[in-house]
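The C-terminal residue of the sequence shown carries number 453 in this note's numbering, and the numbering is unbroken.
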Amino acid sequence: MHQIMTLTKELCDIKSGVVCDGNEALFRRIGDELPLKIFRYESGQRHNGWIVPDKWSVREANIYKDDKLLYDGTVNALGVAQYSRSFEGELDLETLKKHLFSIPSLPDAHVFHCNWLYRPWENGWGFCPPHRFVDSLKPGKYRVSLKTTFEPGEMLVAHHHIPGKSDNTIVFQSNTCHPHMANDGFSGTAVMIRFFQWLSERDNYYSYRLILCPEHLGTVFYLRDHTASEIDTYLAGVFGEMMGTDGDMVVASTFKGEEVIDRAFRHIVAQTTTKHRFLGFRESVGNDETVWEAPGYEIPFVQVNRFQTHSEPFWGYHTNYDNIDIIKPELLEEFFIVFQGVIELLENNVLMHRKFDGLVALSNPEYDIYLERFDPSKSAIRDNEYNNKWGVLQDSVVRYFEGNMSVLDIAEKHDLNFFDVRQYIQKFADKDLIDISLQQIRRTPAQRVALEESK
-1 MHQIMTLTKE LCDIKSGVVC DGNEALFRRI GDELPLKIFR YESGQRHNGW
49 IVPDKWSVRE ANIYKDDKLL YDGTVNALGV AQYSRSFEGE LDLETLKKHL
99 FSIPSLPDAH VFHCNWLYRP WENGWGFCPP HRFVDSLKPG KYRVSLKTTF
149 EPGEMLVAHH HIPGKSDNTI VFQSNTCHPH MANDGFSGTA VMIRFFQWLS
199 ERDNYYSYRL ILCPEHLGTV FYLRDHTASE IDTYLAGVFG EMMGTDGDMV
249 VASTFKGEEV IDRAFRHIVA QTTTKHRFLG FRESVGNDET VWEAPGYEIP
299 FVQVNRFQTH SEPFWGYHTN YDNIDIIKPE LLEEFFIVFQ GVIELLENNV
349 LMHRKFDGLV ALSNPEYDIY LERFDPSKSA IRDNEYNNKW GVLQDSVVRY
399 FEGNMSVLDI AEKHDLNFFD VRQYIQKFAD KDLIDISLQQ IRRTPAQRVA
449 LEESK
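The following block contains the structure:
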């Protein structure tokens, strides 16, 4: 299936993070698929309270009791809470447990604890052992030897840009900061990479940009360095993750809702699968749409994923169980198909401008556009509801040719498939009854108080 699974596994095999040496290898591998422009942000950079963290490494992460080594946090990549500070000392069991993070319902899993990456001022430390290990600990004294290092590094952000006839751009984004994780991470990245390879072979009206970066932090600093005029070229976007495990396909709307990007995703998803949910802004398991929609940017962003509950989006969420084995390739393929459909819709959502007055005899062989309604003299089988909808559309369609109603408007009003309606409308253009023009996506300019025109 477009080799999405193979690429997902290869990306998962590379150690990545917010600031991590492995990010160089990660983007080299992605660069084999798509040419990338890399942006680098040094540790310590600040913006609106956000801080690019230092590069963090674990040298030793041991827990002892009676001089016996009970736990080595370096064995598993998630064995130590991310961005933990060093600690040496002796603790009783009650105090030690305050620094052990585990999930009782997944007794053998290691948790991905990442809060301190985004809050480096908290100076915390901890281990992420399996809950079964935590339960096995007996009262008494424990010795902890946790040695970590912090040194200046770089956070990497990458984008791939496909220019279209227009500079106005639609953005797709996925994250790269969850080490070795497949569903909440690299399966979505792989889907978008394969999708952009397909997109690059099209003759597009809009420009398209794929952005791959650590969630929140990457987007915050990436947009910080945009000029106001660059921000204005972004029409809309989508953040995608958690695509490959069981659950409804979920579309969370833009902040305002009812933007063209909202309507396009709703229409295509509803046509693609019956297992879907449409939610409001941030009612899903959210992500970087909050950055894009922030005041001063206000770029309409939808968020797509599959999740079961907010507390447990999928089995193995934020643990080492989130690996390639839990991914279902057919579910990734379904998102690929949805992305294709959304772009085909946006690139073909035309307005109609009539070149005639009065009622046209559509059944005349000169036009041959008439859709037969049920006629008992010709058929004993009554038309179904779908055919009746087409009959109503046919009787109304010529009133939609004033240049103010798009194909998507018509499809939504009559509860019909966009592409079927678009094909029908094309017949009128082919008979020179109408001219058609693309309904260009527009957005309301953001209200800015601090964004400079140039950096």
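The C-beta atom is built at its ideal place from N, Cα and C for all residues, glycine as well.
- Around the beta-carbon of Gln301, 16 or more other beta-carbon atoms lie within 10 Å, marking it buried.
- Under the DSSP assignment, His129 falls in the alpha helix (DSSP H) whose first and last residues are 129 to 134.
- In the displayed model, Gln301 falls within a strand according to three-state DSSP.
- Listed in chain order, the non-local C-beta contacts of Tyr62 below 6 Å within the same chain comprise Arg141, local neighbours out to five positions each way being set aside.
- Boundaries around Ser205 are those of the beta strand (DSSP E), 205 to 211, since no alpha helix (DSSP H) includes it.
- Secondary structure note for Asn113: its alpha helix (DSSP H) is the uninterrupted segment 113 to 116.
- For Gln195, the number of other beta carbons within 10 angstroms of its own is below 16, and it is reported as exposed.
- DSSP places Trp290 inside the alpha helix (DSSP H), whose first and last residues are 287 to 290.
- With respect to the 9 Å criterion, Val78 and Phe125 are classified as neighbours on the basis of their beta carbons.
- Cβ neighbours of Thr187 within its own chain (closer than 7 Å, five residues either side excluded): Leu9, Ser172, Thr174, Leu210.
- By the neighbour-count criterion, in which a residue is buried when 16 or more other Cβ atoms sit within 10 angstroms of its Cβ, Asn347 is buried.
- Contact check between the segment 36 to 56 and the segment 204 to 223: three or more CB pairs, one atom from each, fall below 8 Å, which counts as touching.
- Bounds of the beta strand (DSSP E) holding Glu149 are 139 to 149.
- For Ile335, same chain residues with a beta-carbon under 8 Å away, outside a window of 5 residues either side, are Thr270 in chain order.
- Look at the segment 21 to 102 and you find these whole runs of alpha helix (DSSP H), each 4 residues long or longer: 91 to 95.
- Thr147 counts as exposed, since fewer than 16 other C-beta atoms from the protein chains shown sit within 10 angstroms of its C-beta.
- Partner residues in the beta bridge of Gln171, as assigned by DSSP, are Ile209, Phe237.
- Take Ile325, set aside five residues on each side of it, and the residues of its chain with a beta-carbon closer than 8 Å to its own are Met3, Thr6, Ala180, Asn181, Ser185, Gly242, Thr243, in chain order.
- Only residues of its own chain outside the window of five on either side were considered, and among them Arg83 have a CB closer than 7 Å to the CB of Asn121, listed in chain order.
- Per the coordinates, the alpha-carbon of Val395 lies some 12 Å from the alpha-carbon of His351.
- Secondary-structure assignment with DSSP links Ile160 through a beta bridge to Tyr206.
- Gly235 sits away from Ile191, with the two beta carbons spaced by 9 Å or more.
- When DSSP states are grouped into helix, strand and coil, Ile423 belongs to the helix group.
- Taking the C-beta atoms as reference points, Glu152 is found nearer than 9 Å to Ser41.
- Separation of Asp19 and Ile439 (C-alpha to C-alpha, rounded to the nearest whole angstrom) is 40 Å.
- With fewer than 16 other beta carbons inside 10 angstroms of its own, Trp119 counts as exposed.
- For His274, the closest C-alpha among the options Tyr295, Thr217, Gly255, Gln306 is that of Gln306.
- In the DSSP assignment, His351 forms a beta bridge with Glu400, Asp433.
- Listed as beta-bridge partners of Thr317 by DSSP are Val109.
- In the structure shown, the three-state DSSP call for Leu414 is coil.
- For Val249, the pairing in a beta bridge is given by DSSP as Phe276, Val302.
- By the Cβ-count criterion, Pro212 is buried, with 16 or more other Cβ atoms from all chains shown falling within 10 Å of its own Cβ.
- Nearest to Arg280 by C-alpha distance, out of Asn303, Lys13, Ser143, Ser103, is Asn303.
- The residues Pro298, in chain order, have a CB closer than 6 Å to that of Glu257 in the same chain once the five nearest residues on each side in sequence are set aside.
- The way I'd put it, the segment 97 to 109 does touch the segment 128 to 142; three or more beta-carbon pairs between them come closer than 8 Å.
- Leaving aside the five residues that flank Tyr232 on each side, the residues in its chain whose CB is nearer than 7 Å to its CB run, in chain order, Thr167, Val169, Ile297.
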